[in-house]
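Asks: Let me give you the structure first, and then I'll get to my questions.
Residue numbers (mature numbering (1 follows the signal peptide of the UniProt record, and there is no 0)): -19 to -1, 1 to 396.
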């Protein structure tokens, strides 16, 4: 068991690092139901986030309003010196929004313009280990939300080519808790927040009528979060080692690339595919700087991550569309550095969904996604010593979402 001195020195530093597991799926229900493969098949204001170039396809006002429920948990089973122990995270869902508004209009000739704004949670962490579990000196809870607000536009230069892009404003908040190995034990908390601007550029090509090709790039954002670290009533003899203090640390939202295609096989059938790449190698370490003099750097050694995505949308009748998708996600988290702060591994994911046209221009969409994570056992590092809490992790995730897509001018006529 760790001594109090080491626990105090490493206070909250491991809990800060959520790279590799803190990217959140797009919870807009149409996108979620097709496993995030719709970069080349955006049809409403959600393009402001996914592929701004497609905003140029819109005619008039478009609203896309959705919300998701994410239940992601893991079971830990100890190995090596922790053999015979186990723990499971408790249920505490997260509820990310996905709300967008956009407007498209014709210009001269074949040129068109679309502008959009919207907000979602593209990154976050939601970890809830039970009190008293063996890893409580590493982490108890993580509540991290990185809100992304998108101010984007798309321009059609010719019938077959559209370009787009804009600004991204990230607002990060987090609250992390863990126990400190004093006698008696005490709880430490870190609360911090920060902001950072970034940008997006995108392209949509339509070489033939049924085929669209898309490219989207979001630049990295190096956010500096500031806040406070507090010790909940540390014993008097340890007070000098447990000073409440200000804290700063750096968190990077990685560069993001997407290459995608969509093909309208027939009026009733759309098929989609995408390859997405996250440059998580930019998040190599976790720096914790306290105003009382502590300066801790914790190695993370993340690789880049990438995902293969496929989807299909079938319209068996005039007002109904059924959707499905599948993905394979390759995690950037090395097994030897896998932390209980946010258990992560390679994933197989599958999704289903439906859309129903209530009236012209007004669609209601539902989606469900399940992720099967590969079980991962943390191996020992050099010299047979473990870099992290040794154990076998078996994570899983369920996501449900509901939303509406509304083009008022299709419902009421030109406004």
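Here a beta-carbon is modelled for each residue, glycine too, at the ideal position from N, C-alpha and C. All figures in this text were calculated on a predicted structure; none of them were measured in a lab.
At 3 residues or longer, what runs of the beta strand (DSSP E) sit wholly inside the stretch 109 to 171?
Replies: 122 to 139 and 142 to 161
Asks: Kindly indicate which three-state DSSP category residue 355 falls into: helix, strand or coil?
Replies: coil
Asks: Any idea what DSSP makes of residue 13, helix, strand or coil?
Replies: helix
Asks: Does the beta-carbon of residue 247 have 16 or more other beta-carbons within 10 angstroms, so that it is buried, or is it exposed?
Replies: exposed
Asks: Measuring alpha carbon to alpha carbon, tell me which residue in 59, 120 and 6 is nearest residue 75.
Replies: Per the C-alpha coordinates, the member of 59, 120 and 6 positioned closest to residue 75 is 6.
Asks: Could you say if the stretch 339 to 350 and the stretch 317 to 324 meet the contact criterion of at least three C-beta pairs nearer than 8 Å?
Replies: no
Asks: Any idea which residues DSSP pairs residue 93 with across the strands?
Replies: 87 and 137
Asks: Which residue marks the beginning of the beta strand (DSSP E) containing residue 294, and which one marks its end?
Replies: 286 to 298
Asks: Nearest-angstrom Cα distance between residue 433 and residue 3?
Replies: Look at the range of the chain in this structure, -19 to 396, and you will see that residue 433 is not part of it.
Asks: Is the beta carbon of residue 370 closer than 8 Å to that of residue 18?
Replies: no
Asks: In angstroms with no decimal places, state the Cα-to-Cα distance between residue 158 and residue 294.
Replies: 43 Å
Asks: If we call anything under 8 Å between Cβ atoms a contact, is residue 203 one with residue 227?
Replies: no
Asks: Using the C-alpha atoms, what's the distance from residue 10 back to residue 390?
Replies: 22 Å
Asks: With 16 as the cutoff for other CB atoms within 10 Å, does residue 155 come out buried or exposed?
Replies: When all chains shown are included, residue 155 counts as buried.
Asks: According to the Cβ coordinates, are residue 119 and residue 392 closer than 8 Å?
Replies: no
Asks: Tell me the DSSP secondary structure of residue -13 in three-state form.
Replies: Confidence in residue -13 is poor, its pLDDT being 36 and thus under 50, which makes the residue's placement unreliable; the coordinate value appears in the next sentence. Correct three-state label for residue -13: helix.
Asks: Could you give the distance in angstroms between the alpha-carbon of residue 84 and the alpha-carbon of residue 338?
Replies: 21 Å
Asks: Under DSSP, the alpha helix (DSSP H) around residue 391 begins and ends at which residues?
Replies: 389 to 393
Asks: Just checking my contact of residue 382 with residue 25 at CB under 8 Å: how many whole Å lie between their CB atoms?
Replies: Residue 382 to residue 25, Cβ: 15 Å. No contact.
Asks: Contact check, residue 21 vs residue 241 under 8 Å by CB: the rounded distance?
Replies: 4 Å
Asks: Have a look at residue 97 and residue 32 and give me their C-alpha separation to the nearest angstrom.
Replies: 11 Å
Asks: How would you label residue 411, buried or exposed, when you count the other beta carbons within 10 angstroms and need 16 or more for buried?
Replies: In the structure as shown, the chain begins at -19 and stops at 396. Residue 411 is therefore absent and cannot be evaluated.
Asks: How is residue 31 classed by DSSP in three states: helix, strand or coil?
Replies: helix
Asks: Is it buried or exposed for residue 384, if we count other Cβ within 10 angstroms and need 16 for buried?
Replies: Answer is buried; the Cβ neighbour count reaches 16.
Asks: Distance check for residue 12 and residue 39, CA to CA, integer angstroms please.
Replies: 17 Å
Asks: Pick helix, strand or coil for residue 263, following the three-state DSSP scheme.
Replies: The three-state secondary structure of residue 263, taken from DSSP, is helix.
Asks: What are the boundary residues of the beta strand (DSSP E) that residue 3 is part of?
Replies: Counting along the chain, residue 3 falls outside any beta strand (DSSP E), and DSSP gives it neither H nor E.
Asks: If you reduce the DSSP assignment to three classes, tell me which class residue 190 lands in.
Replies: coil
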